[in-house]
Structure formats: structure tokens, C-alpha cells
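Here is the structure we will look at.
Residue numbers (the UniProt record's numbering): 1 to 339.
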């Protein structure tokens, strides 16, 4: 039967963790991977290609090393081991399978490459997105659980990019029900300049556990741009940064100057500090919206009163006209009687 064939392919116990309706789960090498991204065929296919790749990519030459450094938009780990048969590499690879394909794992067995990466034998460095310097994982050599624990403690970067394959996962990972969101097109001159300022602020504040900024490149989500512009009441043809309430989409956006100058790193950092302190809060902005609604209601009431007054005047005029008509009729009757 079909059920028997399914049980032969997938362990029965694995189905107990499939707890989200309308979710896509991928079974690969005894791992269950939940796809929490855009429901588009091209995005899903690209994600599946990533899944079937080896969880650890080996860096064996300078060209591959350059490719590693260019992957600065994602969380990366790189380790130096004696060989693929090393027990320490096996522990590292087992940890990689736990996070594949969302976290990128790299390794090298070449002493020259390791020297360029400033790695010692059996050492692993953790690279946060957009950061210049890595963080060495303490306590080498490691077992799998130690690597997993370190990643779980550092899996919310200071600045992270929203991608089609992880958009829902990142959006659900909010801080106290809010997100700091930055829109910037990387290929646009203003967007690129703003993004560089954003990276500078993130690097200066990477030790702050309460700061996590989501960068969205509108070019990656063309169908969502009209929705975002309408919901947040912003123009995405230029860079924007704001704080968004994840439940009701209320938001407050940093006021940009009308000229072409982007905010300085200090100005941006000051605005972010006001957000983190609660001085700038989408919930507080609700009060202003309510006041506006009250004003609109008052205006509507005034208009209704004016309409009522006009109706009363019209009714009075109609009554007067009716009385005049009645008087005329009475006069005509009197004239007939006289005749």
C-alpha cells in the first residue's frame, strides 16, 4: 500500500514534528528541513538545489577562498582540520547537517589557506553577516553539541538580509513584537550608500543583543513593493528605515531630508537608540492616528448638523408654501359664494 511505502522511506517518528499546517517539509539524509519561504516555484527549486549540496564546502585554493569572502550576507563558519577522516571534522560536519542549508559551513585542510584565514588546527571561526572580523568559537577542539549551542546563541545577526527563501522565518523572529526594517536597493547609488552607512552602524553595535536590523532589497520582492508602500505609507524609490509592529503593521519611519544627502552614521545611530529606548514606538503613533480619526468624526458630525439645519429650513419653507396655497384656495371659495 501507499502507507506502507511511505513508512519504508520515512521513519514514523519523524511525522510527529510536522506540526504546522500548509508548511513544506523536506526529508534529506535523515534530516527534516522546513521550508519557510516564498511559495514560488523558482525560489523553492533553488532552495532544493541548496539542500542537495554537501553541508560543508571545502576551500582548497585562492579562488574558492575569494568566493568564501564574497558570501558576506549570510552566517558562515569555517574550520581548519587535518583531513576529512579527522574525528574533529566529523563533529563539525554533524553540526553542519543540523543547520543546512540556512547556515553556511566551510572547511579547509590546506595549511596555506588556514594561515590566510588565521586559523589554528581544529579551530572554527564564526562570521556574522556584513562583519569584517570573525568570532573564534571558544574551547577547541569541539564536539557537535558545542558548535550547535554556539550557533543557536548567535543566530540573530545585528544586520540580516531578508531573502525569498527565509522571509517568513526571519519575520517571525522579532524582538518584543517589533522589527527595525531598512529598505535599500543595492544596485541603486543612494541605496548602496545608505546600505554602507547601515553596515557601519551595525559593526559599531554588534555587541548589542537587542539590536537586529532587517535589510530588504525591494528588487528581490517586486510583487510586494506596492503592498509595502500602501501599508507603511512610504516611497520605496528611495532608501527608508523604520520600526514596524509585527502584529498590526503600525510603523514609524525616520524622516529623511528632501535633498539627496543620506543620514550620517551618527544620525542613524541616534535614531536607532531612540527606537531601542522606546522614545520612538509604533504603538505611541497609534494615539496620533486615533486623534486624527476623532477629528474626522467631529468634522463628519458638524457636516451632519449642517445638513440637518438645512433640512429643517427646507421643511419650514415647504410649510409656509403650503399655508399660502391653502389661503389662496379659501379666497377662491369665498369669491364663488359671493357670486
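Quick reminder that beta carbons are idealized off the backbone N, C-alpha and C, glycines included.
How should residue i be labelled, buried or exposed, when 16 other C-beta atoms within 10 angstroms of its C-beta is the threshold for buried?
i, result
"residue 240", "buried"
"residue 184", "buried"
"residue 40", "exposed"
"residue 250", "buried"
"residue 45", "exposed"
"residue 88", "buried"
"residue 27", "exposed"
"residue 79", "buried"
"residue 166", "buried"
"residue 104", "buried"
"residue 100", "buried"
"residue 118", "exposed"
"residue 163", "buried"
"residue 268", "buried"
"residue 172", "exposed"
"residue 279", "exposed"
Let me know the secondary structure DSSP gives residue i once reduced to three states.
i, result
"residue 342", "Since the first residue shown for the chain is 1 and the last is 339, residue 342 is missing from the structure and cannot be characterised."
"residue 38", "coil"
"residue 64", "helix"
"residue 132", "coil"
"residue 126", "strand"
"residue 184", "coil"
"residue 148", "helix"
"residue 219", "helix"
"residue 337", "With a pLDDT of only 43 at residue 337, under 50, the local geometry of the prediction cannot be trusted, and the value read off the model is given with reservation. Correct three-state label for residue 337: helix."
"residue 52", "helix"
"residue 283", "helix"
"residue 163", "coil"
"residue 245", "strand"
"residue 57", "strand"
"residue 90", "helix"
I'd like to confirm something about residue i: is its beta-carbon nearer than 7 Å to some heavy atom of the ligand COA, or not?
i, result
"residue 200", "The ligand COA is not among the ligands present in this structure, which contains no ligands whatsoever."
To the nearest whole angstrom, what separates the beta carbons of residue i and residue j, a pair I think is in contact under 8 Å?
i, j, result
"residue 23", "residue 34", "6 Å"
"residue 144", "residue 136", "At roughly 18 Å, the Cβ-Cβ gap does not stay under 8 Å, so residue 144 and residue 136 are not in contact."
"residue 213", "residue 198", "7 Å"
"residue 82", "residue 121", "7 Å"
"residue 282", "residue 243", "6 Å"
"residue 252", "residue 179", "About 12 Å separates the two Cβ atoms, so there is no contact after all."
"residue 96", "residue 58", "The pair is not a contact, with the Cβ atoms about 12 Å apart (cut-off 8 Å)."
"residue 110", "residue 60", "6 Å"
With C-beta atoms as the reference, is residue i less than 8 Å away from residue j?
i, j, result
"residue 146", "residue 75", "no"
"residue 262", "residue 192", "no"
"residue 134", "residue 125", "yes"
"residue 149", "residue 36", "no"
"residue 131", "residue 206", "yes"
"residue 158", "residue 211", "yes"
"residue 235", "residue 187", "no"
"residue 181", "residue 272", "no"
"residue 113", "residue 65", "yes"
"residue 140", "residue 73", "no"
Which residues mark the beginning and the end of the beta strand (DSSP E) in which residue i is found?
i, result
"residue 142", "That residue, residue 142, is in no beta strand (DSSP E); it is neither H nor E in DSSP."
"residue 102", "From DSSP, residue 102 is part of no beta strand (DSSP E); its letter is neither H nor E."
"residue 177", "No beta strand (DSSP E) contains residue 177, which DSSP labels as neither H nor E."
"residue 78", "76–80"
"residue 24", "24–28"
Can you tell me where the alpha helix (DSSP H) holding residue i begins and where it ends?
i, result
"residue 236", "From DSSP, residue 236 is part of no alpha helix (DSSP H); its letter is neither H nor E."
"residue 192", "189–204"
"residue 113", "111–116"
"residue 270", "265–277"
"residue 168", "167–172"
Strictly under 8 Å for the Cβ-Cβ distance: is residue i near chain D by that measure?
i, result
"residue 66", "Note that chain D does not occur in the displayed structure, where there is just one protein chain."
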